[in-house]
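Heads up: the sequence shown is residues 1 to 176, going by UniProt numbering.
Glycine included, every Cβ here is placed at the ideal spot set by N, Cα and C.
These numbers come from a predicted model, not from an experiment.
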Amino acid sequence: MEYTIDIIRPDGEGIQFYLTSYKPFRLLALQLSPEAYNSTYAQWSAFEDDGWISRVTNPRATTFVATQHHGQGERVISSLTLVALDDNDQPAPSGTMSWHVNAVFTLPEARRKGVASAVMAAAKRFAQEHAESRNRRFRLLVTVLTANLDAKLLYENLGFKVHSVNEVEIKLVFEG
Numbered sequence: 001m002e003y004t005i006d007i008i009r010p011d012g013e014g015i016q017f018y019l020t021s022y023k024p025f026r027l028l029a030l031q032l033s034p035e036a037y038n039s040t041y042a043q044w045s046a047f048e049d050d051g052w053i054s055r056v057t058n059p060r061a062t063t064f065v066a067t068q069h070h071g072q073g074e075r076v077i078s079s080l081t082l083v084a085l086d087d088n089d090q091p092a093p094s095g096t097m098s099w100h101v102n103a104v105f106t107l108p109e110a111r112r113k114g115v116a117s118a119v120m121a122a123a124k125r126f127a128q129e130h131a132e133s134r135n136r137r138f139r140l141l142v143t144v145l146t147a148n149l150d151a152k153l154l155y156e157n158l159g160f161k162v163h164s165v166n167e168v169e170i171k172l173v174f175e176g
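Spelled out as structure tokens, the structure:
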């Protein structure tokens with residue numbers, strides 16, 4: 001399976017891609033796997049384009065996508081968004097820089113082919129490079145619903161460790 005991994009940039013081209021390619025992908029994810037998310041298709045489909053644009057231009061959020069050439073354009077097959085925590089702005093050396101891993105989804109036909117692992121590897125490199133540029137370590141945090149055991153297994157296979165568990169969710173951490 002051939003694909004490329006990119007970051008959606010908050011510029012004109014990136015915004016256009018976000019609206020024409022990522023938005024339908026995200027809405028499809030909410031339809032195909034509603035049990036995996038705390039938000040709903042109804043909530044996200046109600047957003048006007050300005051709401052979507054505010055997400056891609058959020059300076060704390062970085063969205064990674066795996067795309068395949070599809071007809072005249074590109075089709076998103078996997079994605080995740082890193083959201084930086086506020087303490088990342090502290091001057092070095094001020095501890096570990098942390099990001100939440102959000103909105104993770106891979107199309108069913110692209111699963112178990114290494115795509116999600118490759119997207120996560122790109123996100124880890126991004127976090128590591130940002131942290132190292134400030135002489136700091138990094139940490140990725142992810143929360144999965146307790147019922148989503150496939151996601152928990154994926155994260156554990158990617159080096160995440162279970163941090164806490166309750167009736168609703170499992171919190172996992174990757175220390176870099």
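Beta strand (DSSP E) runs contained entirely in the UniProt domain "N-acetyltransferase" (23-176), provided each spans 3 or more residues: 61-70, 73-84, 97-106, 138-145, 161-165, 169-175
Out of 23, 157, 128, state which residue places its alpha-carbon closest to the alpha-carbon of residue 116. 157
Leaving out five residues before and five after residue 98 in sequence, what residues of the same chain have Cβ atoms less than 8 angstroms from its Cβ? 84, 85, 87, 88, 138, 139, 140, 141
Which same chain residues, not among the five before or five after residue 3, have their C-beta less than 7 angstroms away from its C-beta? 66, 67, 68, 77, 115
When we look at the beta-carbon of residue 42 and count the other beta-carbons within 10 Å, is it buried (16 or more) or exposed? exposed
Below 9 angstroms between beta carbons: does that hold for residue 145 and residue 36? yes
Tell me the rounded alpha-carbon separation between residue 18 and residue 5. 14 angstroms
Ordered along the chain, which non-local residues of its own chain (more than five positions away) have a Cβ less than 7 angstroms from that of residue 25? 76, 79
Tell me whether the beta-carbon of residue 100 lies closer than 9 angstroms to the beta-carbon of residue 143. yes
Please classify residue 56 as buried or exposed, where buried requires at least 16 neighbouring CB atoms within 10 angstroms. buried
Does the distance from the C-beta atom of residue 136 to that of residue 96 stay below 9 angstroms? yes
Nearest by alpha-carbon distance to residue 82: which of 8, 47, 31, 108 is it? 8
Counting only the same chain and skipping the five closest in sequence on each side, list residues whose C-beta sits under 6 angstroms from that of residue 60. 83, 84
Is the separation between the beta-carbon of residue 176 and that of residue 128 shorter than 9 angstroms? yes
State the Cα-Cα distance for the pair residue 119 and residue 147, rounded to the nearest angstrom. 23 angstroms
Where residue 161 and residue 172 are concerned, what is the direct C-alpha to C-alpha distance, given to the nearest angstrom? 5 angstroms
Buried or exposed, going by whether 16 or more other CB atoms sit within 10 Å of the CB of residue 197? Examination of residue 197 is not possible in this model, given that the chain is present from 1 through 176 alone.
Helix or strand or just coil, what does DSSP make of residue 7? strand
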